[in-house]
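Student:
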Amino acid sequence: MLGSKRHRTLGTDLGLRWINTDVAKVGGGGPISPKSFVCGYCNNPLSGIVGYHAVRTDERGNNSNDILAKIYICHHCEEPTYFSNDGRQVPGSAFGGRVSHIPSKDVEVLYDESRDCMKVNAYTAAVMCSRKLLMNIAVSEGADEGQSFASYVRYLANPVCKFR
Ligand SMILES: [Zn+2]
0 MLGSKRHRTL
10 GTDLGLRWIN
20 TDVAKVGGGG
30 PISPKSFVCG
40 YCNNPLSGIV
50 GYHAVRTDER
60 GNNSNDILAK
70 IYICHHCEEP
80 TYFSNDGRQV
90 PGSAFGGRVS
100 HIPSKDVEVL
110 YDESRDCMKV
120 NAYTAAVMCS
130 RKLLMNIAVS
140 EGADEGQSFA
150 SYVRYLANPV
160 CKFR
């Protein structure tokens, strides 16, 4: 388990040391501050209080009190979430909510893939997935295959389009 004392220090490369906050009461930045966020793995909201923080070390290997980044451990799924000092979360929480009763497994997979792309700031990939998603929805609703993206958008926007 990541929170155990045997994982007290994760690494010391480049004058940076990750410290388990369970044992960081003296020096190295102290206990980790609670943080509310939505876990990017299990999508549960939580207030993280268990984790690690990164501190810079001097040439003798002593820890500074300057916290450079933090990793919180989700108490639902026990996966780690990284936070930079400017607030960036990796992996981020999924964009949008779950959609129930999606009739096509292909459409559901594309929707989830697009949401996953947004978690890691892969916005171009999210756009490509979303375009393919719209094309798949149009075909599943009766449009002909092999048409242009614009024709599928027009098909979905057409008020005479009959959804099944
Ligand atoms: Zn989680």
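Note that numbering that gives the first Met the number 0 has the sequence shown beginning at 0, numbered continuously upward.
C-beta: ideal position from N, C-alpha, C; glycine also.
Please read all numbers here as calculations on a predicted model, not as lab measurements.
(1) Which residues does DSSP list as the beta-bridge partners of Lys118?
(2) Check each candidate in Gln88, Asp57 and Asp115 and name the one with the smallest Cα separation from Arg97.
(3) May I have the straight-line CA-CA distance separating Ala156 from His100, to the nearest angstrom?
(4) Using alpha carbons as the reference points, say which of His52, Lys104, Val152 and Glu107 lies closest to Thr80.
(5) Take Ala142 and list the residues in its own chain whose beta-carbon comes closer than 7 Å to its own, dropping the five residues that flank it on each side.
(6) For the beta strand (DSSP E) holding Phe82, just list the boundary residues, first then last.
Tutor: Let me spell this out:
(1) Per DSSP, none; premise fails for Lys118.
(2) Asp115
(3) 21 Å
(4) His52
(5) Tyr151 and Tyr154
(6) Pro79 to Ser83
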